[in-house]
Amino acid sequence: MAIRFEDIKEHIGSRVVWDDRADIFTPEAAKAIRAKVEERTVVVFPELNLTDAEQLEITNLMGEKVRLTARNNVQSNDADVYQVTLDEKINPQPEYVLGTFFWHMDGITVDMPPPFATLLSCRIAPDKGGETEFASTYAAYEGLSDEEKSELEGMKAVHSVRASLSPIADAIPEKHRERVLGIGLIKEHPLVWTHESGRKSLVIGTTADHVVGLEVPAGRAMLIRLQEWAAQPAFSLRHKWTKGDFVIWDNTGAMHRAIPYDKSTGRMMHRTSIAGTETVAA
8 MAIRFEDIKE HIGSRVVWDD RADIFTPEAA KAIRAKVEER TVVVFPELNL
58 TDAEQLEITN LMGEKVRLTA RNNVQSNDAD VYQVTLDEKI NPQPEYVLGT
108 FFWHMDGITV DMPPPFATLL SCRIAPDKGG ETEFASTYAA YEGLSDEEKS
158 ELEGMKAVHS VRASLSPIAD AIPEKHRERV LGIGLIKEHP LVWTHESGRK
208 SLVIGTTADH VVGLEVPAGR AMLIRLQEWA AQPAFSLRHK WTKGDFVIWD
258 NTGAMHRAIP YDKSTGRMMH RTSIAGTETV AA
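Residue 265 in the numbering used here sits at position 258 of the sequence shown, and the numbers go up by one each step.
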């Protein structure tokens, strides 16, 4: 094969190696990359240095692109490319990006299947902070004991953007705080997602506010315990960005977060998304 993969850690992550850059932009490569994303959760292309057009080409080769966030950016020439930045001159809603500092899955509070994959390219690498951490919720579920798995079957959690942004609500300007906190829907999802493939993953992150049928403190304690379990080193990977890096991850089987960084670092990522085909199902 024209492209090759090297495992990064035992349970998560693969690095792509290529001889000819053009070999990445083929249907055969896209099929192999998608399969590797499903198998290894996170796939890293070091210093690939994509243009927006090239990133969209890979996105379209791998599946159907989906616009996950309304276009507020003012410097991107394509509405399907979202610029992840704290610079309010480019992103008029930088407070929304602050929510990426906490563990989450993309698109879990919208009225459509969660996107299959998120694709992120680094345009400006921060000199301090700003790494992205990924945690495999497949590996985390598979690592639970049979007793713990049985306990979670049939349980549901309530998810909202308000829950994920509550730790930083005071940092959102009061004039549009309620509008930002009200983005998305309030959704109930099973704690364990049984995928069409037969594999199971946890559906967790800071969007999960409480567990249906449990007292709120007890449910939140359970959610925190599961999140910490999934984020342990055995199931997680931290990527330190270099300009030009390109990373694709399985959004249906992972949660992710950015390590906090200051706006002055200029950190800039360009994001595209591949539509999901499965609703969250028990």
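C-beta atoms are modelled at their ideal positions from N, C-alpha and C, and glycine is treated no differently.
Three or more beta-carbon pairs under 8 angstroms between the segment 109-119 and the segment 208-223, yes or no?
These segments touch.
Over the uninterrupted alpha helix (DSSP H) stretch that includes Gln62, give me the two end residues.
The residue you call residue 62 lines up with position 55 of the sequence shown. Looking at the DSSP string, the run of the alpha helix (DSSP H) that includes Gln62 is 59-69.
Could you give the uninterrupted runs of the beta strand (DSSP E) lying entirely in the segment 149-174, keeping only those of 3 residues or more?
Listed in chain order, the complete beta strand (DSSP E) runs (minimum 3 residues) inside the segment 149-174 are 163-166.
What's the C-alpha gap between Ala60 and Val117?
Here residue 60 corresponds to residue number 53 of the sequence shown, with the count starting at 1. Here residue 117 corresponds to residue number 110 of the sequence shown, with the count starting at 1. Linking Ala60 to Val117 through their CA atoms gives a straight-line distance of about 26 angstroms.
Under 7 angstroms between C-beta atoms of His277 and Thr139
Reading the sequence shown from its first residue, position 270 is the one you call residue 277. Reading the sequence shown from its first residue, position 132 is the one you call residue 139. Against a cut-off of 7 angstroms, the Cβ pair of Thr139 and His277 comes out as no contact.
Can you list, in chain order, the residues of its chain whose CB lies under 6 angstroms from that of Lys163, leaving out five sequence neighbours each side?
Taking the sequence shown and counting its residues from 1, the one referred to as residue 163 is at position 156. Cβ neighbours of Lys163 beyond the five flanking positions: Glu195, Pro197, Val219.
Ordered along the chain, which non-local residues of its own chain (more than five positions away) have a Cβ less than 8 angstroms from that of Val104?
Within the sequence shown, the letter at position 97 stands for residue 104. Result list for Val104: Val91, Thr92, Leu93, Asn98, in chain order.
Applying the 10 Å Cβ sphere with the 16-neighbour rule, what's the burial state of Val38?
In the sequence shown, the residue the question calls residue 38 occupies position 31. Correcting the residue identity first, residue 38 is Lys in this sequence and not Val. Per the 10 Å Cβ criterion, exposed.
Closest residue to Asp14 among Leu244, Lys207, Thr58 (Cα-Cα distance)
If you number the sequence shown from 1, residue 14 lands on position 7. It is Leu244.
Residues near Glu17 by beta carbon distance below 6 angstroms, same chain, minus five either side
As a first step, residue 17 must be located in the sequence shown, where it is residue number 10. So the list is empty, once near-sequence residues are dropped.
Just mark Asp27 as buried or exposed, buried being the case when its beta carbon has 16 or more other beta carbons within 10 Å.
Walking along the sequence shown from the start, residue 27 turns up at place 20. So Asp27 ends up on the exposed side.
When the distance is taken between beta carbons, is Gly20 closer than 7 angstroms to Val44?
Within the sequence shown, residue 44 is the residue found at index 37, counting from 1. Within the sequence shown, residue 20 is the residue found at index 13, counting from 1. Not closer than 7 angstroms, so no.
Give a yes or no on whether the C-beta atoms belonging to Thr66 and Trp256 are separated by under 7 angstroms.
Here residue 66 is taken as the residue at index 59 of the sequence shown, counted from 1. Here residue 256 is taken as the residue at index 249 of the sequence shown, counted from 1. No.
Touching by the beta-carbon criterion (3+ pairs, under 8 angstroms), the segment 28-36 and the segment 257-267
no
Limits of the alpha helix (DSSP H) - the one that Thr237 falls within
Translated into positions along the sequence shown, residue 237 becomes position 230. The identity of residue 237 in the sequence shown is Ala, whereas the question assumes Thr. Element bounds for Ala237: 223-237.
If you draw a straight line from the alpha carbon of Ala282 to that of Pro122, how long is it in whole angstroms?
Taking the sequence shown and counting its residues from 1, one reaches residue 282 at position 275. Taking the sequence shown and counting its residues from 1, one reaches residue 122 at position 115. Rounded to the nearest angstrom, the two C-alpha atoms are 4 angstroms apart.
Taking the straight line between their C-alpha atoms, what separation do you get for Glu222 and Asp216?
The count along the sequence shown starts at 1 and reaches residue 222 at position 215. The count along the sequence shown starts at 1 and reaches residue 216 at position 209. Answer to the nearest angstrom: the Cα atoms are 12 angstroms apart.
Expected contact under 8 angstroms - CB spacing of Gly137 and Ala265 to nearest Å:
Taking the sequence shown and counting its residues from 1, one reaches residue 137 at position 130. Taking the sequence shown and counting its residues from 1, one reaches residue 265 at position 258. Sure, about 6 angstroms apart at Cβ, within 8 angstroms.
How should Phe32 be labelled, buried or exposed, when 16 other C-beta atoms within 10 angstroms of its C-beta is the threshold for buried?
Taking the first residue of the sequence shown as 1, we reach residue 32 at position 25. The residue in question, Phe32, is exposed, as its Cβ has fewer than 16 Cβ neighbours within 10 Å.
Locate the alpha helix (DSSP H) running through Leu105, then write down its first and last residues.
Residue mapping note: residue 105 aligns to position 98 of the sequence shown, counting from 1. Run containing Leu105: 101-105, per the alpha helix (DSSP H) assignment.
DSSP three-state call for Tyr268: helix, strand or coil?
Mapped onto the sequence shown, residue 268 falls at position 261. In this structure, Tyr268 counts as coil in the three-state DSSP scheme.
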